[in-house]
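Read through the structure below, which is laid out as structure tokens, and then see the notes.
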Amino acid sequence: MPLSPFPRIFISCPCVEARDTEEEEGKTFNPRSERATFSLFPLDHLLYCDDCGQVRCPRCVNEEIVCYFCPSCLFEVPTATVKTEGNRCNRNCFQCPECFATLSVTAVDPFPKTDEKTGLPMGPFTLLCNYCQWSSAKHGIEFEKPTSISTQLHKMKTANSDLSSQFAKARTFYTQKGKQQDELSNAPSNLSRMMAMYSTLGSLGGSKSKGSFGKSKTEENDEANGVIEVNEADELEVINRMRNANFEDTATLEQRYEQPHKPRFKDDLLPIAALLRTKRSKRCRACRHILVKPDAKVSSIRFRIKLAAINYIPQLNLSRLTPTFEYLNLQPLQNHQYLLTVTNPLFDPISVTLATPNKTPGKYGSNVTILCPQFDVGANTDVWDEALQDAASAPGAKSAAVKKGKDGTGTAGSIWDSGRNWTAVVVEVVPPSLDKEYWSRHEALGYQEGEEEEGDDDAVVQIPVFVRVVYETELVREDGAVAGDKKEKNEHAYWYVLSVGRIGKTKTHPTVAP
Amino acid sequence: MPPKPVKSEYIETDTGNKVSRKSIILGTQYIILGGKTVIQSDVCIRGDLRRTIPPSTPRQGGSSAPPTTNVSVAIGRYCFLARSSVLRPPWKLQRGVLSYYPIKLGDHVFVGEGSVVEAAMVGSYVRIGKGCVIGKFVIIKDCVKIEEGTVVPPNTVIPPFSYVAGRPGRVVEELPETAQEGLELKNIYRMIG
Numbered sequence: 001m002p003l004s005p006f007p008r009i010f011i012s013c014p015c016v017e018a019r020d021t022e023e024e025e026g027k028t029f030n031p032r033s034e035r036a037t038f039s040l041f042p043l044d045h046l047l048y049c050d051d052c053g054q055v056r057c058p059r060c061v062n063e064e065i066v067c068y069f070c071p072s073c074l075f076e077v078p079t080a081t082v083k084t085e086g087n088r089c090n091r092n093c094f095q096c097p098e099c100f101a102t103l104s105v106t107a108v109d110p111f112p113k114t115d116e117k118t119g120l121p122m123g124p125f126t127l128l129c130n131y132c133q134w135s136s137a138k139h140g141i142e143f144e145k146p147t148s149i150s151t152q153l154h155k156m157k158t159a160n161s162d163l164s165s166q167f168a169k170a171r172t173f174y175t176q177k178g179k180q181q182d183e184l185s186n187a188p189s190n191l192s193r194m195m196a197m198y199s200t201l202g203s204l205g206g207s208k209s210k211g212s213f214g215k216s217k218t219e220e221n222d223e224a225n226g227v228i229e230v231n232e233a234d235e236l237e238v239i240n241r242m243r244n245a246n247f248e249d250t251a252t253l254e255q256r257y258e259q260p261h262k263p264r265f266k267d268d269l270l271p272i273a274a275l276l277r278t279k280r281s282k283r284c285r286a287c288r289h290i291l292v293k294p295d296a297k298v299s300s301i302r303f304r305i306k307l308a309a310i311n312y313i314p315q316l317n318l319s320r321l322t323p324t325f326e327y328l329n330l331q332p333l334q335n336h337q338y339l340l341t342v343t344n345p346l347f348d349p350i351s352v353t354l355a356t357p358n359k360t361p362g363k364y365g366s367n368v369t370i371l372c373p374q375f376d377v378g379a380n381t382d383v384w385d386e387a388l389q390d391a392a393s394a395p396g397a398k399s400a401a402v403k404k405g406k407d408g409t410g411t412a413g414s415i416w417d418s419g420r421n422w423t424a425v426v427v428e429v430v431p432p433s434l435d436k437e438y439w440s441r442h443e444a445l446g447y448q449e450g451e452e453e454e455g456d457d458d459a460v461v462q463i464p465v466f467v468r469v470v471y472e473t474e475l476v477r478e479d480g481a482v483a484g485d486k487k488e489k490n491e492h493a494y495w496y497v498l499s500v501g502r503i504g505k506t507k508t509h510p511t512v513a514p
Numbered sequence: 001m002p003p004k005p006v007k008s009e010y011i012e013t014d015t016g017n018k019v020s021r022k023s024i025i026l027g028t029q030y031i032i033l034g035g036k037t038v039i040q041s042d043v044c045i046r047g048d049l050r051r052t053i054p055p056s057t058p059r060q061g062g063s064s065a066p067p068t069t070n071v072s073v074a075i076g077r078y079c080f081l082a083r084s085s086v087l088r089p090p091w092k093l094q095r096g097v098l099s100y101y102p103i104k105l106g107d108h109v110f111v112g113e114g115s116v117v118e119a120a121m122v123g124s125y126v127r128i129g130k131g132c133v134i135g136k137f138v139i140i141k142d143c144v145k146i147e148e149g150t151v152v153p154p155n156t157v158i159p160p161f162s163y164v165a166g167r168p169g170r171v172v173e174e175l176p177e178t179a180q181e182g183l184e185l186k187n188i189y190r191m192i193g
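Chains as they are written, first to last, in the UniProt record's numbering: chain U, 1 to 514; chain Z, 1 to 193.
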């Protein structure tokens, strides 16, 4: 996935802190530490557990499969079929073995005769790739009917190769073996047997290891069990073909991986049955509370339960105060003013405290100042509520509040602007200049001047900001009624990471070339 | 003589569509706009390419064909067709005769600059990036994001909550549950005109 444009904003899921030692507790979050990569997520990827009062990242939820479906024909596949068919669609859905686009069933003849009874075109049919024009007919695979391609192909496969028969043999062998072991595991004497087996495994090269373990190995090597044997004649044939083949005739690594028989040549590639996809529900790992439950219907995008963090956690947005600088070319030692907007999704007003280190962590630390680190954000009330309130209250009151911010253009201690459920403050960033060492390395890695390095680029200014939110909600009693004027104090506190841009080279005034 | 009033770039229809004066829209009587849709300059919508042979030719199988509709392009609410994008009904040879089929777009569909869409159906909350080619008879379900410069080959089906990229376009990632909120286009609509 390509890097998203600047500015980027991530939240550190607290699940990473649980594993941290006490030493690190209370320290500034370092977005450049190796572990940080695994805890940083954009807000819309996070869920929120009501019971725990905590955000939940993809790493701290358990997933349960609701249904399997084919991504191509969008038919739901029952679980039993998933097991027997090997997680693939058993209808007409195939992928091109060459470019992985969807194949479509077409008649081999461009102007096919139509059946007089049904009015449908008559065969033979082929699987044709609409992207790279790969056709199964060119490789000797033609179908009589345009339906149930999977079964037709399966018949051909079993007739052609002994690979699937080998697999069937191996399967019966291992299922039998598994049954035997199941019977054994029920017996009380099993423990001693198991212990004996592990102890022999542990002693490498010992005299005992030639006993039971070695025996089972020969047993598995038996031809009847479906183990593939290397046939010298076949190998020689491959070598001979390789000698005459061009580079384009050989299959790429990606193409080989997708095929069960791992062909070396493009001519041996077979159409790939579409892999199934799933719809999954998600549970909190800590309390087993359901966080996401999708509608069981395949094409539905509705959710029965969806506890997304965007509805609980304030959203941060960053923009340039004046569009005088470029995100990809921040000027060293110059003051860049950003506008940080905090949006409140809750139905109660919140008070926000922002904290950030003066200098960002990393090799090249930038100076960061949040001009107004403490402010309130209004509640996320209905749009109509606001309109009605405005009409009722004195018209001067609101404009004055906004003016307060407007007057002091980026002055310390006052907010820049605010609205119904959002408040904006100014953040000043002064990046350092990068040394020669950085630029020479950057160039050596083959990057252009304004290009961002993959992985952890030292030139990207990443600001860790600790956002603490305090709000009061009306206590809801167990019977669901609101408990009078008693209020409950709640708090959210998370580390956000703002990637505000990339430090560039100092711009020199353009000189006229001689 | 008083100076001529300056014409704004967009014409706003009764249902709130904002259509650029510089867009090329052919066969307007065969196009349905759901309302609050933005059509930017140099956008081309080929409503004139409609079904030439009636689909109601009696089949001997006895199955009754769907009723004939005169719509060739149907667009839902809050769609956004960025500059120089093209919407064209898909076609195929049916019994040796070239025939066009209607193209349907759901609500909140964003079509990026210079993209060509020949899909049969595009669901709701779909974002097609800049410079994409969506092949003939492609079916895109709801909540799908298509990366810039993707080529989706003809007859492809893209399931919901997919992130598609590459040439040919493949599903490279799943979108989060909150994708629908992120793909809403109400705010963009307000910003135009």
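Even glycine gets a Cβ: it sits at the ideal position worked out from N, Cα and C.
Bear in mind that the values here come from a model prediction, so they are computed numbers and not experimental data.
Self-check item: Which listed residue (U/E63, U/E235, U/V352, U/M242) has its alpha carbon closest to that of U/P314
Solution: One-based indexing of the first sequence puts residue 314 of chain U at position 314. When only C-alpha atoms are compared, the closest one is U/V352.
Practice problem: Round the Cβ separation of U/V465 and U/T356 to the nearest angstrom and send it over; I've been treating them as touching at under 8 Å. | Solution: Numbered from its first residue, the first sequence carries residue 465 of chain U at position 465. Numbered from its first residue, the first sequence carries residue 356 of chain U at position 356. Right, their Cβ atoms sit about 5 Å apart.
Quiz item: Is the CB of Z/T178 under 7 Å away from at least one CB in chain U?
Solution: Position 178 of the second sequence, counting from 1, holds the residue named residue 178 of chain Z. At least one chain U Cβ lies under 7 Å of Z/T178.
Quiz item: Between U/R8 and the rest of its own chain, which residues show a CB-CB distance below 6 Å, the 5 nearest in sequence each way excluded?
Solution: As a working note, residue 8 of chain U is residue 8 in the first sequence. Answer for U/R8: S499, listed in chain order.
Practice problem: Could you check what DSSP says for U/L270 in three-state terms: helix, strand or coil? | Solution: Translated into the one-based positions of the first sequence, residue 270 of chain U becomes position 270. Of the three classes helix, strand and coil, the one that applies to U/L270 here is coil, per DSSP.
Exercise. Give a yes or no on whether 7 Å exceeds the smallest Cβ distance from Z/T15 to chain U.
Key: By 1-based counting over the second sequence, the position of residue 15 of chain Z is 15. Chain U contact via Cβ: absent.
Quiz prompt | Unbroken alpha helix (DSSP H) run spanning U/A233, endpoints | solution = Taking the first sequence and counting its residues from 1, one reaches residue 233 of chain U at position 233. Unbroken alpha helix (DSSP H) run through U/A233: 232 to 244.
Exercise. Kindly indicate the opening and closing residues of the alpha helix (DSSP H) around Z/N187.
Key: What you label residue 187 of chain Z is simply residue 187 of the second sequence in a count that begins at 1. Looking at the DSSP string, the run of the alpha helix (DSSP H) that includes Z/N187 is 186 to 191.
Exercise. Just confirm the distance between the C-beta atoms of U/A137 and U/V108, as a whole number of angstroms; I'd bet it's less than 8 Å.
Key: Indexing the first sequence from 1 puts residue 137 of chain U at position 137. Indexing the first sequence from 1 puts residue 108 of chain U at position 108. Sure, about 5 Å apart at Cβ, within 8 Å.
Exercise. Go ahead and pull the three-state DSSP assignment for U/I350.
Key: Within the first sequence, residue 350 of chain U is the residue found at index 350, counting from 1. In this structure, U/I350 counts as strand in the three-state DSSP scheme.
Quiz item: Looking only at its own chain, which residues have a Cβ that is under 6 Å from the Cβ of U/A286, when we skip the five neighbours before and after it?
Solution: Your numbering for residue 286 of chain U matches position 286 in the first sequence. Cβ neighbours of U/A286 beyond the five flanking positions: C52.
Quiz item: Which residue's Cα is closest to the Cα of U/F94: U/E258, U/V469, U/N30?
Solution: Indexing the first sequence from 1 puts residue 94 of chain U at position 94. Ranking U/E258, U/V469, U/N30 by Cα distance to U/F94 puts U/E258 first.
Exercise. Have a look at the DSSP bridge pairing and note the partners of U/D417.
Key: Locating residue 417 of chain U in the first sequence gives position 417, where the first residue counts as 1. Bridge partners of U/D417: U/A424.
Quiz item: Since U/C129 sits in a beta bridge, which residues does DSSP pair it with?
Solution: By 1-based counting over the first sequence, the position of residue 129 of chain U is 129. Looking at the DSSP assignment, U/C129 forms a beta bridge with U/L103.
Quiz item: Which residues, taken in chain order from the region 89 to 116 of chain U, show a beta carbon closer than 7 Å to some beta carbon of chain Z?
Solution: C99, F100, A101, T102, S104, F111, T114
Practice problem: Kindly indicate the opening and closing residues of the alpha helix (DSSP H) around Z/G47. | Solution: Residue 47 of chain Z sits at position 47 when you count from the first residue of the second sequence. That residue, Z/G47, is in no alpha helix (DSSP H); it is neither H nor E in DSSP.
Exercise. Report the option in Z/P3, Z/N155, Z/G149, Z/E174 whose CA atom is closest to the CA atom of Z/V116.
Key: Against the second sequence, residue 116 of chain Z aligns to sequence position 116. Of the listed residues, the one whose Cα sits closest to Z/V116 is Z/G149.
Quiz prompt | Listed by chain order, chain Z residues near residue 516 of chain U by CB distance under 7 Å | solution = Residue 516 of chain U lies beyond the stretch modelled for chain U, which goes from 1 to 514, so this question has no answer here.
Quiz item: Nearest chain Z C-beta to U/I310 closer than 7 Å, yes or no?
Solution: Taking the first sequence and counting its residues from 1, the one referred to as residue 310 of chain U is at position 310. Yes - at least one Cβ of chain Z is within 7 Å of the one on U/I310.
Quiz item: Can you name the start and end residues of the alpha helix (DSSP H) that U/A80 belongs to?
Solution: The residue you call residue 80 of chain U lines up with position 80 of the first sequence. U/A80 -> alpha helix (DSSP H) spans 79 to 85.
Quiz item: U/Y68 touches chain Z at which residues, Cβ-Cβ below 8 Å?
Solution: Stepping through the first sequence from its first residue, residue 68 of chain U is reached at position 68. Chain Z residues near U/Y68: none, gap ~12 Å exceeds 8 Å.
Self-check item: Reference residue 595 of chain U, options U/D417, U/R502, U/V368, U/K487, closest by Cα
Solution: What the structure shows of chain U is the stretch from 1 to 514, and residue 595 of chain U is not part of that stretch, so it cannot be assessed.
Quiz item: Helix, strand or coil: how does DSSP classify U/M156 here?
Solution: Within the first sequence, residue 156 of chain U is the residue found at index 156, counting from 1. Of the three classes helix, strand and coil, the one that applies to U/M156 here is helix, per DSSP.
Quiz item: Going by the beta-carbon positions, is the gap between Z/P160 and U/I301 smaller than 7 Å?
Solution: As a position in the second sequence, residue 160 of chain Z is number 160, starting the count at 1. As a position in the first sequence, residue 301 of chain U is number 301, starting the count at 1. Yes, they are a contact pair.
Self-check item: Nearest residue (CA-CA) to Z/Y30, options Z/G16, Z/T52, Z/D14, Z/K145
Solution: Within the second sequence, numbered from 1, the residue matching residue 30 of chain Z stands at position 30. For Z/Y30, the nearest C-alpha among the options comes from Z/T52.
Quiz prompt | Residue(s) in a DSSP beta bridge with U/S281 | solution = Here residue 281 of chain U refers to the residue found at position 281 of the first sequence. Its beta-bridge partners are U/E64.
Quiz item: Which residues in the same chain as U/K487 place their Cβ atom closer than 8 Å to its Cβ, once the five residues preceding and following it in sequence are excluded?
Solution: If you number the first sequence from 1, residue 487 of chain U lands on position 487. Correct list, in chain order: E472, T473, E474, L475.
Exercise. Determine which residues of the region 289 to 304 of chain U have a Cβ less than 7 Å from any Cβ of chain Z, and write them out in chain order.
Key: V292, S299, I301, F303
Self-check item: Straight-line Cα distance separating Z/Q180 from Z/F80
Solution: Within the second sequence, the letter at position 80 stands for residue 80 of chain Z. Within the second sequence, the letter at position 180 stands for residue 180 of chain Z. So the alpha carbons of these two residues sit roughly 16 Å apart.
Exercise. Determine, using beta carbons only, whether U/H45 comes closer than 7 Å to chain Z.
Key: Taking the first sequence and counting its residues from 1, the one referred to as residue 45 of chain U is at position 45. With 7 Å as the cut-off, U/H45 counts as an interface residue toward chain Z.
Quiz item: Looking at the C-beta of Z/P89, does it have a partner C-beta in chain U at a distance below 7 Å?
Solution: Taking the first residue of the second sequence as 1, we reach residue 89 of chain Z at position 89. For Z/P89, the answer is no, since every Cβ of chain U falls outside 7 Å of its Cβ.
Quiz prompt | Contacts of Z/N70 in chain U (Cβ-Cβ under 9 Å) | solution = Position 70 of the second sequence, counting from 1, holds the residue named residue 70 of chain Z. Here the premise fails: no neighbours, minimum Cβ distance about 24 Å.
Self-check item: Three-state secondary structure assigned by DSSP to Z/E113
Solution: Locating residue 113 of chain Z in the second sequence gives position 113, where the first residue counts as 1. Reduced to three states, the DSSP call for Z/E113 is coil.
Exercise. Quick one: using the 10 Å Cβ neighbour count with 16 as the cut-off for buried, is Z/Y189 buried or exposed?
Key: One-based indexing of the second sequence puts residue 189 of chain Z at position 189. Classification for Z/Y189: buried.
Quiz prompt | For U/K169, three-class secondary structure by DSSP | solution = Reading the first sequence from its first residue, position 169 is the one you call residue 169 of chain U. Residue state, collapsed to three classes: helix.
Practice problem: Specify whether the region 65 to 83 of chain U and the region 228 to 242 of chain U touch according to this definition: at least 3 beta carbon pairs, one from each stretch, less than 8 Å apart. | Solution: no
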